[in-house]
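A.B. asks:
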Amino acid sequence: MKQHRRNDFSFAKARETNQQGWFGKRTLFDRKSILTFFALLASTGIALAQEPAPEAPAPGDTPAPPEPVPAAPDQAKPAESEKKKSDSVAAEPAWVTWKNGDELKGVILPTERGDIIRLKSDLFVDPFDIKIDQLVMIRYGRETHGKFDFVPQPFRITLMTGDVLGGKLKSISGSEVVIQSPKLNNGKELKIKRDKVASIERMDSPDLVLTGPHSQRGWKSVGRERKIGDWIPQPHGELTTRRWHGDLYQKFDHPDKMEVSFNLRSTTNPVEFTAGFYLEPSSGPALETWDDTLVLTNGNDFDPVMKISEGTKNLSLKIFWDKKTGRVSVHDALGKQLASLEGAKGPDAKESPAKTAGNRRRVVSYRNGNAKEEGFALLNKSTDLSFSDLRIRKWDGKLPKEIKADTPRVVLEDGSAAYGAVPSATADIITAGGQSRPLDSIRKVVFDDNPTHPNFKKSKELRDSYVSWLDGTLLSGKLRKIEGNRVSILPPWSNEPITAGLSHTRKIAFFNEKEADGTATDQLFVDKIVLKGRIAAAKNDDSGSTLISWQPAGSINASALASGVVARVVRPAPAGDIQALGFGRVYLTNNEVLTGNLLSIDKTHVHFESEYCGVIKIDPNHIRALDIEATNAEMKNFGDSGWERFPDKEMGEDSITIEKDKAVLKKGGFGHRTLLNGDEMAFDMQWKAPHMGSVTLRMFLSDFDSSSASTDILLASQGSQLYLGESKPGGAFSFSGERVPLKNGAASIRIVFKDNRLQVHVNERRALTLTLDPAKQSGNGFVFQTGGGWQGWNRPDSEVTFTNFEIKRSPGYLPKRVIDPDAKREALVIPRFRRENPPTHVLIAPNGDMLRGRLIAASDDKVRFTSKLDSFDFPRDRVSTIVWLKQPETAEGDEKEKTGDKADQEEGEEKKEAAKKAQPFVPTHRFVLHDGSRLSLKAREIERDQFVGDSELLGECKIPLRAVREIRHGAESSSEKSPVQLAYTDWILESAAEPVIPTDDGGESSPLIGEAPQEFQVKTLDGNEYKLSHYRGKVVVLDFWATWCGPCIRAMPEIFRAVGQFENDQVSFLAVNQGETPPIIENFLEQRGWAGIPVGLDTNQKVGDQFQVQGIPHTVVIGKDGKVTWVHSGFKDGMGDALAAAIVKALEAE
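Residue numbering for the sequence shown follows our numbering, starting at 455 and increasing by one per position.
Structure, rendered in structure tokens:
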């Protein structure tokens, strides 16, 4: 065969394009090839680094998980009795995998039934009996794989079913093959139907140097950012990767002459790889794919092996290499020579000057080893690659003769073959081709190597499961039973069931056509485990405090949760709308929320009715708030009376039409002030041809005027596409979402509110995600209005029709009352003259208006309330929420308690002492109900599908199972409480700031001194951001000012002079402007010659409010520890010196 040199043009071009060093030093493809490659990945849905799905030996097989990398096997270790090991080892932990994707770890216990497995998990009291037809596999031994020592058996028997057995060959007759396997039948002789045997391979030949791969054991990955876990073990000991450039390497000492055979397989694309005999394959002879050609290479020399076509997805190759002479030859599995090279010596061989004068490939040393280290190396260069049947043996130097395929034969140790059926064999002698030979003179007996043989097909139909072991053994058939650490299977090749030890088992796989149980709709969450199944009542004698019994999918029994297990059960919503007794909600101080109906309020109690607690009396001291809306608004379409229209002045009433099932908007707007109280808004939009125009949706507003804070999104149809973006104050907008194709101007919109984020879906495609800013929320209203975006998009003939409008609430969702933060802040501040008689309640109207005062009483039709000495009787439908205010903890209050009536003090002490002695209330279960209720119960029993228990504040409760959305059992975590559940916890009154009284030294006696101010961030005049926390460790000087303020202008030179005495790394200065625009500020500073000073823009004066700015100038010094040390309001002579002294004092403070 012709030996090529590197300058051979037809292959050199491919060589230069596709050269790839083992360690990423060259480029695998040119740019065009790379783009084509990734386009192929996208079109096929294949992801890089995705774990492969193995080619199953039978339907129902699934990939095994990655195994840990153990040390290299000692193949010279003498065999020991696996039967003794199996019997002495307790059942290994296993992961059971369901057809629905669930997994659970436990121990497989004995059972006499062959159609179930019995699984005992530490999470449950009792074991589960699970139907095998609902399972995919049992995965064993992650904990013990690292202890696995591969002990080769004398022979490897491959069956027509795909089974692979290991053991001693005892005899061959016309009807059966008899072997003895330490793994099977307790080491007794095993009879196999002869017509089920495909081949018998001798594995104890002294010429064998290495076999494998068996598992990840002994192999490693040496490429950059590659790991052995990229290669997934498969049932027959095959390793599979879908990692592009995933690599394998195992070290061994090369014999002087060696024969290497292996099999490679790909499922998606033609096989592409590099294989060689050194850590860096290019250090010696190697096989490489160059474009569509497999090439044998050594240095600058190469010889084409074969063309790689689209159908080349399975390769079985043999390589013969004489290291001394350098001769290397490549053959197919039957011995046909495909390519050869002369002089293919190792990296340390000396070469003639002529040989080395060429431009040889540079050998790259790897940081984790010597690139010339001897071994076997493999590199994947495509989307996936499977590696199996590696045999490395000493070679006698004679090239093999080509073997006839599809013919019974005996392959001898020298590679030659004797053809014809094997009539007989004993433990020592085998007869073939009319001649008897010693059994140790053969390499392989082939009975039938044609996978289309009828026996092969028939055998595959007689199996429902298989067991695979780490050493490559595989046993399949009809599962009889699993008993502890042993399994019993009836294979198609035996008349009797076969028992096998499960020590070092990889997995037991099941395959059948049974569908996954679709009725198991409840979900159990324990740590990172999720199980589908059904919740049921636990038996009183084994449940302890759990009450919860769980029945996984396919299990014929249920079990209570084990003691101490923290779990959460989530149930689907019942069919139809969720019904509740009333739509009111009471928020309690222990974080419980109860849905029902407010009956009345008197001086001592709140009377409330609930489906779960009946009619109860609640101590007002335990209430945070009451939602008392009497009826639920109509949340579908446009029939609710709360919808309002805002016609365009020019077009008049014709600009908007609202009917029960649709709304047509030409110009203007329409909306609802209170309806946005769900976690999803959905509607359809249809633009009239030519499908042009934009609509702005303003959400979470308190009023429809432009001054009301709101979260705005823009929906703009431009013919065939819909643009989405965020509308910003002042008419600015940002099209940050995707452009979605439209068909005939129609779009289905779904807006989801979750975890402080807003997601907009268009035609079931997520197109925009925004973070919900509390500053852009002031109420529960929303409005659709025409316009927004570029002016040219707002066509006068635009018309859009809205249909299928709905506000949805997910099961268990608790409606959120959005309050204008400024109005709330105003309601909580108590002026000095009201401190002796502070308000105790706030009434909130449906439109968000608030009134503070004192709640006197409430009945079924009115609420009596006093405010500012006036009494009011409000109709119930005019009040949405009653909030109980927390009183501020002040020094005056403490003193009042000290000076109060002595008897009251003594009674208070007695109550405190009694409270200390009382046992704390510890709930056993926490419930989230479909109607939004949250209840924490010390559960007692389950009675007629009702959970019965006691609430700390509500007394006895009975919760029907149909009403349950979630059940949480075990220790409570802070993450369980949702922001809505903790609503109204921050309604705490605060006293208005005391008037500032100047002192003789020019400082102020301010309540801010000694306090650490809250974090703030403002934009600066130069376009950057100023964040207070960035300057922790420095002294910070803040000067609040305005251009129109005369005292500010007089004070600023002195402030600049004082601050200028210190280095920038010691003191940070910011002039915080109050409420003015940048052009005004810039013009003022230029006229005064002060351009360049750092100016913060406190546009809404929120930072000023934080620092209690009542008048300007107002100067604050913050120490290195982040606490206020000096405050000065106004201007007076000598202020600069006082400020400088305050800075020095702050710098010197520890």
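C-beta: ideal position from N, C-alpha, C; glycine also. Small disclaimer: the values here were computed from a predicted structure and weren't measured.
Nearest by alpha-carbon distance to H1568: which of D1493, K1577, V1578 is it?
C.D. replies: Counting from one through the sequence shown, the residue named residue 1568 turns up at place 1114. The candidate whose alpha carbon is nearest that of H1568 is D1493.
A.B. asks: Tell me which residues share the same chain as F492 and place their Cβ nearer than 6 Å to its Cβ, disregarding the 5 neighbours each side in the sequence.
C.D. replies: The residue labelled residue 492 in the question sits at position 38 within the sequence shown. The pLDDT assigned to F492 is 35, lower than 50, so where the model puts this residue is not dependable; a value taken from the coordinates is nonetheless given after this. Closer than 6 Å at the Cβ level, and outside the excluded window around F492, lies no residue.
A.B. asks: Verify whether the separation of the beta carbon atoms of V1254 and A1221 is less than 8 Å.
C.D. replies: As a first step, residue 1254 must be located in the sequence shown, where it is residue number 800. As a first step, residue 1221 must be located in the sequence shown, where it is residue number 767. No; because the gap between Cβ atoms is not below 8 Å, this pair is not in contact.
A.B. asks: Quick one: grab the DSSP three-state call for H1423.
C.D. replies: Position 969 of the sequence shown holds residue 1423. Look at H1423 here: in three-state DSSP terms it is strand.
A.B. asks: Tell me which residue opens and which closes the alpha helix (DSSP H) that N1537 is part of.
C.D. replies: Walking along the sequence shown from the start, residue 1537 turns up at place 1083. Residues 1532 to 1542.
A.B. asks: Can you give the Cα-Cα distance for W849 and K935, rounded to whole angstroms?
C.D. replies: Your numbering for residue 849 matches position 395 in the sequence shown. Your numbering for residue 935 matches position 481 in the sequence shown. Going from the Cα of W849 to the Cα of K935 covers about 46 Å.
A.B. asks: So, with DSSP's three-state summary, where would you put Q1560?
C.D. replies: Counting from one through the sequence shown, the residue named residue 1560 turns up at place 1106. Helix, per DSSP.
A.B. asks: How long is the line joining the alpha carbons of F1259 and E1218, rounded to whole angstroms?
C.D. replies: Taking the first residue of the sequence shown as 1, we reach residue 1259 at position 805. Taking the first residue of the sequence shown as 1, we reach residue 1218 at position 764. Approximately 16 Å, taken between the alpha carbons.
A.B. asks: Return the chain-ordered list of same chain residues with a C-beta closer than 6 Å to the C-beta of K681, the five sequence neighbours on each side being excluded.
C.D. replies: Taking the sequence shown and counting its residues from 1, the one referred to as residue 681 is at position 227. Closer than 6 Å at Cβ, skipping near neighbours: S675.
A.B. asks: Kindly indicate which residue of K1270, E1530, Q1560 has the alpha-carbon position closest to the one of S1460.
C.D. replies: The sequence position of residue 1460 within the sequence shown is 1006, counting from 1. The shortest C-alpha separation from S1460 is found at Q1560.
A.B. asks: Kindly indicate which three-state DSSP category I943 falls into: helix, strand or coil?
C.D. replies: Indexing the sequence shown from 1 puts residue 943 at position 489. I943 falls in the strand class under three-state DSSP.
A.B. asks: In the DSSP assignment, find the beta strand (DSSP E) that holds G1590 and state where it starts and stops.
C.D. replies: For the purposes of this step, residue 1590 is taken as residue 1136 along the sequence shown, with counting starting at 1. From DSSP, G1590 is part of no beta strand (DSSP E) but of the alpha helix (DSSP H) over 1589 to 1602.
A.B. asks: Cβ atoms of P1342 and I1442: under 8 Å apart, would you say?
C.D. replies: Locating residue 1442 in the sequence shown gives position 988, where the first residue counts as 1. Locating residue 1342 in the sequence shown gives position 888, where the first residue counts as 1. Yes. Within cutoff.
A.B. asks: Please go through the same chain and pick out, in chain order, the residues whose beta-carbon is closer than 8 Å to the beta-carbon of E827, but skip the five residues on each side of it.
C.D. replies: Here residue 827 refers to the residue found at position 373 when the sequence shown is read from its first residue. These residues qualify, in order along the chain: K705, Y732, L733.
A.B. asks: Indicate whether A859 and D903 have their beta-carbon atoms separated by less than 8 Å.
C.D. replies: As a position in the sequence shown, residue 859 is number 405, starting the count at 1. As a position in the sequence shown, residue 903 is number 449, starting the count at 1. By the CB criterion at 8 Å, A859 and D903 fall inside the cutoff.
A.B. asks: Using DSSP bridges, identify the partner residues of C1411.
C.D. replies: In the sequence shown, residue 1411 corresponds to position 957, counting from 1. For C1411, which the question treats as bridged, DSSP gives the partners G1403.
A.B. asks: Report buried or exposed for F1375, applying the criterion of at least 16 other Cβ atoms within 10 angstroms of its Cβ.
C.D. replies: If you number the sequence shown from 1, residue 1375 lands on position 921. When all chains shown are included, F1375 counts as exposed.
A.B. asks: Going by other Cβ atoms of all chains shown within 10 Å of its Cβ, with 16 needed for buried, is Q1005 buried or exposed?
C.D. replies: In the sequence shown, residue 1005 corresponds to position 551, counting from 1. When all chains shown are included, Q1005 counts as buried.
A.B. asks: Is it true that the region 1499 to 1506 meets the region 1583 to 1590, where meeting means three or more beta-carbon pairs spaced less than 8 Å apart?
C.D. replies: yes
A.B. asks: Indicate the three-state DSSP secondary structure (helix, strand or coil) for L577 in the structure shown.
C.D. replies: Here residue 577 corresponds to residue number 123 of the sequence shown, with the count starting at 1. The answer is coil: DSSP assigns L577 none of H, G, I, E or B.
A.B. asks: For F727, which residues from the same chain have a beta carbon less than 7 Å from its beta carbon, with the 5 sequence-adjacent residues on both sides left out?
C.D. replies: Residue numbering aside, residue 727 sits at position 273 when the sequence shown is read from its first letter. Cβ neighbours of F727 beyond the five flanking positions: L718, T743, L832, L833, N834, K835, L839.
A.B. asks: Taking only heavy atoms of the ligand GTP into account, decide whether any of them is closer than 7 Å to the Cβ of D903.
C.D. replies: The ligand GTP is not among the ligands present in this structure, which contains no ligands whatsoever.
A.B. asks: Provide the residue span of the alpha helix (DSSP H) that contains A1281, from first to last.
C.D. replies: By 1-based counting over the sequence shown, the position of residue 1281 is 827. 1275 to 1282 is the span of the alpha helix (DSSP H), which, as asked, contains A1281.
A.B. asks: Once you ignore the five residues that flank W947 on each side, which residues in its own chain have a CB closer than 6 Å to its CB?
C.D. replies: Within the sequence shown, residue 947 is the residue found at index 493, counting from 1. So the list reads L613, I646, K647, K650, once near-sequence residues are dropped.
A.B. asks: Hey, how far is the Cα of T1043 from the Cα of S1405?
C.D. replies: Reading the sequence shown from its first residue, position 589 is the one you call residue 1043. Reading the sequence shown from its first residue, position 951 is the one you call residue 1405. Approximately 12 Å between the Cα atoms of the pair.
A.B. asks: Could you give the DSSP three-state label for Q889: helix, strand or coil?
C.D. replies: Position 435 of the sequence shown holds residue 889. Reduced to three states, the DSSP call for Q889 is strand.
A.B. asks: Taking only the alpha-carbon atoms, compute the straight-line gap between P1467 and V1526 and give it to the nearest angstrom.
C.D. replies: For the purposes of this step, residue 1467 is taken as the residue at position 1013 of the sequence shown. For the purposes of this step, residue 1526 is taken as the residue at position 1072 of the sequence shown. Each residue's Cα considered, the two are about 15 Å apart.
A.B. asks: Hey, quick one: how far does the beta strand (DSSP E) through R1078 stretch, first residue to last?
C.D. replies: Counting from one through the sequence shown, the residue named residue 1078 turns up at place 624. First-last of the beta strand (DSSP E) with R1078: 1077 to 1081.
A.B. asks: Which residues bound the alpha helix (DSSP H) around M1506?
C.D. replies: Working through the sequence shown from its first residue, we reach residue 1506 at position 1052. Element bounds for M1506: 1500 to 1513.
A.B. asks: For the beta strand (DSSP E) containing A992, name the first residue and the last one.
C.D. replies: Position 538 of the sequence shown, counting from 1, holds the residue named residue 992. Looking at the DSSP string, A992 is not in any beta strand (DSSP E), and its letter there is neither H nor E.
A.B. asks: What number of angstroms, rounded off, separates the C-alpha of T1531 from the C-alpha of D1138?
C.D. replies: Taking the first residue of the sequence shown as position 1, residue 1531 is located at position 1077. Taking the first residue of the sequence shown as position 1, residue 1138 is located at position 684. Distance between the alpha carbons of T1531 and D1138 is about 41 Å.
A.B. asks: Tell me the DSSP secondary structure of I1547 in three-state form.
C.D. replies: Position 1093 of the sequence shown, counted from the first residue, corresponds to residue 1547. In this structure, I1547 counts as coil in the three-state DSSP scheme.
A.B. asks: Do you know offhand how far R845's Cα is from I983's?
C.D. replies: Stepping through the sequence shown from its first residue, residue 845 is reached at position 391. Stepping through the sequence shown from its first residue, residue 983 is reached at position 529. About 41 Å.
A.B. asks: Would the beta-carbon of R1022 fall within 8 Å of that of I989?
C.D. replies: The sequence position of residue 1022 within the sequence shown is 568, counting from 1. The sequence position of residue 989 within the sequence shown is 535, counting from 1. Taking 8 Å as the Cβ cut-off, R1022 and I989 do not qualify as a contacting pair.
A.B. asks: For R1127, which of helix, strand or coil comes out of DSSP?
C.D. replies: Sequence index remark: in the sequence shown, residue 1127 carries index 673 (1-based). In the structure shown, R1127 sits in coil (DSSP, three-state: anything other than H, G, I, E or B).
A.B. asks: Does DSSP classify S1188 as helix, strand or coil?
C.D. replies: Translated into the one-based positions of the sequence shown, residue 1188 becomes position 734. Under the three-state reduction of DSSP, S1188 is assigned to strand.
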